[in-house]
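Numbers given in my numbering equal positions in the sequence shown, counted from 1, plus 5. Only one structure is covered here, and it is reproduced in the block below.
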Amino acid sequence: MIHKNNEWVRRRLDRILPKVMKPGRYVGGEWNMIRKEWNGTDVRTVFIFPDVYEVGMSNLALRILYGLINSYEGFLCERAFAPWPDMEEKMKEEGIPLYSLESFHPLKDFDVIAFTLQYELSYTNILNILKLSEIPLRSLDRLGEACQGQDFPFVIAGGPCAYNPEPIAPFIDLFLIGEGEEQFPAALRVIRESKKNGKSKMETLRELSKLQGIYVPMFYDVEYNQDGTIQELKVKEGMPPRIKKTVMKDFSSAYFPEKVIVPYTEAVHDRVMLEVMRGCTRGCRFCQAGMIYRPLRERSPETLVKQAEKSIEATGYEEISLVSLSTSDYTCVNRVLEDLMAKMQEKGVSVSLPSLRLDSFDVKIAEQVQKVRKSGLTFAPEAGTQRLRDVINKGVTEDDLLNTAEAAFRAGWSNIKLYYMIGLPTETYEDLDGIVEQARKVLDVSRKAGRRGAKVTVSASSFVPKAHTPFQWESQDLIEILKEKQVYLKKKLKDHRIKFIYHDVGTSFIEAVLARGDRRLAGLLEWAVESGCKFDGWSEFFRFSLWQQGMAEMGINPHFYANRKYDKDEILPWDHLSTGVNKTYLWNEYQKALAEEKTPDCRGKCGQCGVCPDIAKPVKFKQMN
């Protein structure tokens, strides 16, 4: 048998790289890449973003954890991504396993393979990556006698989808639940000690399960009722019945990657990303991120400006993005912008705010950040009527939208994008008419402001109920209903000044199935990968008919997961994972939604969600911006 080491991989790559699109995706060697001595490290990790290179290189979690792990003596962290189909085909022809970009070692050579779970439709890529790496898909097949003498890496995963990881639980050795800055290095230290002491993989997993936020699925068995609901979660002896997420309490001084890798090929986001704060207090009832990243923590203005200066110096990027769930809510946003623009404008470096709320938007802020480059503005009313905005607890009004739009048009903007969701709980066609009316009213205020050539883009995605939100019990609209709503809006929005874009409903349906699914979907994922499904988040590769065929052959009723309202007392697939937000609070919020009652921002009055007393002291704010 040929030993496929890194030198063998390099030689084979020379044959195929001239024959594939964008070979820069596969060669490494970028500016600021970290290459540590392979034989001089104790634990070798490869961090994988399960999508194409230019998407993965824009991911903040990858930037943080790559730099952080490599900052520790004895730890090595390299990168790998899903190869584009043309590259995968050539790799199979040459027998090349998937490899890391830093050293070209096959993934099988590493101690740890770490996936970030950002999107449910990347699950097929995760399994395909394991296949390309010549690693058994199922965790139990990588243990003991099943290994047939081979020593396979630990396969771990974390990220937002880890808050309901059950559909892929049989494939992953352990999940990191929560924020990884402290948790990930702690897990690697346990693995290092186990290697040193010659412990088996099973013994190491038992040691790892003692850490907060570590979920080892093989230590938990699920039993089901005849109606398909969960009867019981059986916990192996010595394992915690609930896994509580980890949180970076001292966020302001948390690790920040100042020397990020600068890709040779264009990435989705070619810019410095400054994480100004983590968490959100707004309480939108559909928003998973707003629940799982609580409590809110901020970085100081001084820290952010220093990080920006060092990052621009190290990368040469021409844009800084202030990222968070709602950057205009950051307490010191005006001060940070003034300080950054004072230092960056003469260098030709622009500053952007990707997430703007209508009720905290300040046109002076927008003018400040657009001094170098002027772009469009995006706002998210989410729903077309005040009634439905109250249901989802959006907390913005139509006046907020129109006043903000008018101010933006007067300040020189001519393009505004409005983001909505369709299929929200209790939605009617009156709410859809509200979307149409709002778009037209925005055009009306553009004329009032003297912007007669203004354009409005209306974007409509389909509601997907997510775990750990007040709407986790809700159902998604049937595909036929969502399609009818899209057609209805398309007809109503026929205007050369309005562009209407919408998401594929088949994609949203599979996302809902996986987002609320359980372990019984693992077989479907295996079937899908064997049948050629991959890059399902890409419209050109998503094959809904193939998923339908797989569900039929596997005897899976997708409507059980996507289109069914879950009962109050039902055991949910993710109930054993704790975000700190208690389930009673979420249910009460769901009932308030059905009653069209709002919950105020918890900056003022604590909503008793359970996070702050459990995880951190309540965050105090001087004022809202």
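By construction, the Cβ of each residue, glycine as well, lies at the ideal position given by its N, Cα and C atoms. Small disclaimer: the values here were computed from a predicted structure and weren't measured.
(request) Can you have a look at SER329 and say buried or exposed, based on whether 16 or more other CB atoms are within 10 angstroms of its CB? (result) buried
(message) So, at 6 Å on beta carbons, what are the nonlocal neighbours of THR286 in its own chain, with the 5 sequence-adjacent residues on each side left out?
(response) LEU301, ASP606, CYS607, ARG608
(request) Please state whether DSSP places ASP500 in a helix, a strand or coil. (result) Here ASP500 sits in strand by DSSP.
(request) Please name the residue, chosen from ILE427, TYR128, ARG283, that lies closest to THR532 on a Cα-to-Cα basis. (result) Correcting the residue identity first, residue 532 is Trp in this sequence and not Thr. Taking only the C-alpha atoms, the option nearest TRP532 is TYR128.
(request) Give the range of the beta strand (DSSP E) segment to which GLU171 is assigned. (result) GLU171 -> no beta strand (DSSP E), and no H or E assigned at all.
(request) Please report how far the alpha carbon of ASN133 lies from the alpha carbon of VAL534, in whole angstroms. (result) Going from the Cα of ASN133 to the Cα of VAL534 covers about 6 Å.
(request) Pair every Cβ in the segment 296-312 with every Cβ in the segment 63-71, then say whether three or more of these pairs are closer than 8 Å. (result) no
(request) Could you check which residue in ILE101, LEU363, GLU184 has the C-alpha nearest to that of PHE256? (result) GLU184
(request) Have a look at ALA412 and ASN44 and give me their C-alpha separation to the nearest angstrom. (result) About 60 Å.
(request) Hey, could you find the ends of the beta strand (DSSP E) CYS84 is sitting in? (result) The question names Cys, yet the displayed sequence has Arg at residue 84. Run containing ARG84: 80-86, per the beta strand (DSSP E) assignment.
(request) Please determine, among LEU393, VAL401, PRO190, ASP395, the residue with the shortest C-alpha to C-alpha distance to PHE384. (result) VAL401
(message) Just to confirm before moving on: does the CB-CB distance between GLY1 and PHE514 stay below 8 Å?
(response) In the structure as shown, the chain begins at 6 and stops at 630. Residue 1 is therefore absent and cannot be evaluated.
(request) Using alpha carbons as the reference points, say which of PHE180, ILE173, LYS597 lies closest to ASN398. (result) LYS597
(message) Given this structure, state the Cα-to-Cα distance separating THR50 from VAL492, to the nearest angstrom.
(response) 48 Å
(message) Under 8 Å: do the segment 583-601 and the segment 549-569 share three or more Cβ pairs, one atom per stretch?
(response) no
(request) Indicate whether VAL48 and LEU193 have their beta-carbon atoms separated by less than 8 Å. (result) yes
(request) In angstroms with no decimal places, state the Cα-to-Cα distance between ALA99 and MET92. (result) The identity of residue 99 in the sequence shown is Glu, whereas the question assumes Ala. Computed Cα separation, rounded: 11 Å.
(message) Bridge partners for SER466 per DSSP, in chain order?
(response) DSSP output for SER466 lists MET426 as bridge partner(s).
(request) Return the CA-CA distance between ARG20 and LEU137, expressed in angstroms with no decimal places. (result) Their Cα atoms are separated by approximately 18 Å.
(message) Using DSSP's beta-bridge definition, name the partner residues of PHE505.
(response) VAL463
(message) By the DSSP assignment, the alpha helix (DSSP H) with TYR128 in it spans what residues?
(response) 128-137
(request) Give a yes or no on contact between the segment 544-555 and the segment 454-467, applying the rule of three or more CB pairs nearer than 8 Å. (result) no
(message) Helix, strand or coil, according to DSSP, for GLY163 in the structure here?
(response) strand
(message) I'd like the span of the alpha helix (DSSP H) that includes TYR58, first residue to last.
(response) Here the alpha helix (DSSP H) through TYR58 covers 58-61.
(request) Provide the residue(s) that pair with ILE118 in DSSP beta bridges, ordered along the chain. (result) Per DSSP, VAL51, VAL160.
(request) Express the C-alpha separation of GLU324 and VAL277 in angstroms, rounding to a whole number. (result) 6 Å
(message) Would PRO102 and GLU139 qualify as a contact pair, given that the criterion is a beta-carbon distance under 8 Å?
(response) yes
(message) Whole angstroms are fine: how far does the CA of GLU12 sit from the CA of LEU18?
(response) 10 Å
(message) Judging by CA-CA distance, which residue of PRO386, GLY522, PHE540, ASN408 is the nearest neighbour of SER464?
(response) Closest by alpha carbon: PRO386.
(request) Measure the alpha-carbon distance for SER331 versus LYS97 and round it to whole angstroms. (result) Their backbone Cα atoms lie some 44 Å apart in a straight line.
(message) Whole angstroms are fine: how far does the CA of SER144 sit from the CA of ILE177?
(response) Rounded to the nearest angstrom, the two C-alpha atoms are 6 Å apart.
(message) Below 8 Å on the Cβ atoms is my contact criterion, and I expect VAL461 with ILE421 to pass it. Report the Cβ-Cβ distance as a whole number of Å.
(response) 6 Å
(message) Taking its Cβ as the centre, do 16 or more other Cβ atoms sit within 10 Å of GLU83, making it buried, or is it exposed?
(response) buried
(request) Go through its chain and collect everything with a Cβ distance to GLY288's Cβ below 6 Å, but skip five positions before and after it. (result) ASN398, THR604
(request) Identify, in the order they occur along the chain, each residue of the same chain with its Cβ nearer than 8 Å to the Cβ of PHE189, setting aside the five sequence neighbours on each side. (result) LEU70, LEU73, ILE74, ALA119, GLY163, LEU181
(request) Locate the alpha helix (DSSP H) running through GLU516, then write down its first and last residues. (result) 510-520
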